[in-house]
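S.K.: Take a look at the following structure, please.
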Amino acid sequence: MSKLRVLSFAISLDGFGAGRDQSRESPLGVRGMELMEWFFHTRAWRAMHGEQGGDSGVDNDIAEQGFAGIGAWILGRNMFGPVRGPWPDESWRGWWGDDPPYHTPVFVLTHHPRPPLPMAGGTQFHFVTAGIEAALEAAR
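Just add 6 to the spot in the sequence shown (first one is 1) and you have the numbering used here.
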């Protein structure tokens, strides 16, 4: 039986998971990247981006555990990108380039339909308009 785990989620002390005013220049909003600074220097982060080196230790251990054994991901639309409202076209392909770090199916919660988006490394984005329960069922 599959398990639901909440991973790769950081919040500020006042309860926010991103800064305000998300944009292409500020993927996690104004000052939002500060929430993830602990992650960027780890060996796990660097390996996900095809780079060598990086720090080991507790931060790296947590980062590695956050990506181990994941069969599917569920993301909010803002995590996929800054596009609001109906999709103007299919040109936005996520923040990550051609090889996103997921390498599994990814279910993006949205109010606006869009065809599935296959990417390198086994990542395929599915855009779910029927709510989180439908995304969870599809992810299982």
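Where is the CB? At the ideal position from N, CA and C, for every residue including glycine.
1) Enumerate in chain order the residues of its own chain whose CB-to-CB distance from residue 49 is below 6 Å, with the five nearest sequence positions on each side excluded.
2) Give me the Cα-Cα distance between residue 91 and residue 72, rounded to the nearest whole angstrom.
3) State the beta-bridge partners of residue 116 as determined by DSSP.
4) For residue 135, count the other beta carbons within 10 Å of its own beta carbon; 16 or more makes it buried, fewer makes it exposed. Which is it?
5) Which whole-angstrom value is the C-beta distance of residue 28 and residue 19, which I expect to be below 8 Å?
6) Residue 115: buried (16+ other C-beta within 10 angstroms of its C-beta) or exposed?
7) Based on DSSP bridge pairs, tell me the residues matched to residue 80.
8) Just to confirm my understanding: we take residue 118, look at its own chain, exclude 5 residues before and 5 after, and list those with CB closer than 6 Å. What are they?
9) Can you list, in chain order, the residues of its chain whose CB lies under 8 Å from that of residue 84, leaving out five sequence neighbours each side?
10) For residue 105, collect the residues of the same chain with a Cβ closer than 6 Å to its Cβ; drop the 5 residues on either side in sequence, then sort them by chain order.
11) Compare the Cα-Cα distances from residue 88 to each of 110, 102 and 78 and report the closest residue.
12) For residue 56 and residue 109, I'd like the C-alpha separation in whole angstroms.
M.R.: If we stick to the structure as given:
1) Here the question's residue 49 lines up with position 43 in the sequence shown. Here the set comprises 60, 62 and 66.
2) Position 85 of the sequence shown, counted from the first residue, corresponds to residue 91. Position 66 of the sequence shown, counted from the first residue, corresponds to residue 72. In a straight line, the C-alpha of residue 91 is about 30 Å away from that of residue 72.
3) Here the question's residue 116 lines up with position 110 in the sequence shown. In the DSSP output, where bridge partners are listed per residue, residue 116 has none listed.
4) Translated into positions along the sequence shown, residue 135 becomes position 129. Taking all protein chains shown into account, residue 135 has fewer than 16 neighbouring C-beta atoms within 10 Å of its C-beta and is therefore exposed.
5) Taking the sequence shown and counting its residues from 1, one reaches residue 28 at position 22. Taking the sequence shown and counting its residues from 1, one reaches residue 19 at position 13. At roughly 20 Å, the Cβ-Cβ gap does not stay under 8 Å, so residue 28 and residue 19 are not in contact.
6) Here the question's residue 115 lines up with position 109 in the sequence shown. Burial is judged here by how many other beta carbons sit within 10 angstroms of a residue's own beta carbon; residue 115 has at least 16 and is buried.
7) Looking up residue 80 in the sequence shown gives position 74. Answer is 113.
8) Residue numbering aside, residue 118 sits at position 112 when the sequence shown is read from its first letter. Hits under 6 Å: 92 and 93.
9) The count along the sequence shown starts at 1 and reaches residue 84 at position 78. Within the same chain, residue 84 has close Cβ partners 24 and 28.
10) Residue numbering aside, residue 105 sits at position 99 when the sequence shown is read from its first letter. Contacts found: 126 and 127.
11) Within the sequence shown, the letter at position 82 stands for residue 88. When each option's Cα is compared against that of residue 88, the closest is 102.
12) The residue labelled residue 56 in the question sits at position 50 within the sequence shown. The residue labelled residue 109 in the question sits at position 103 within the sequence shown. Between the alpha carbons of residue 56 and residue 109 lies a gap of roughly 14 Å.
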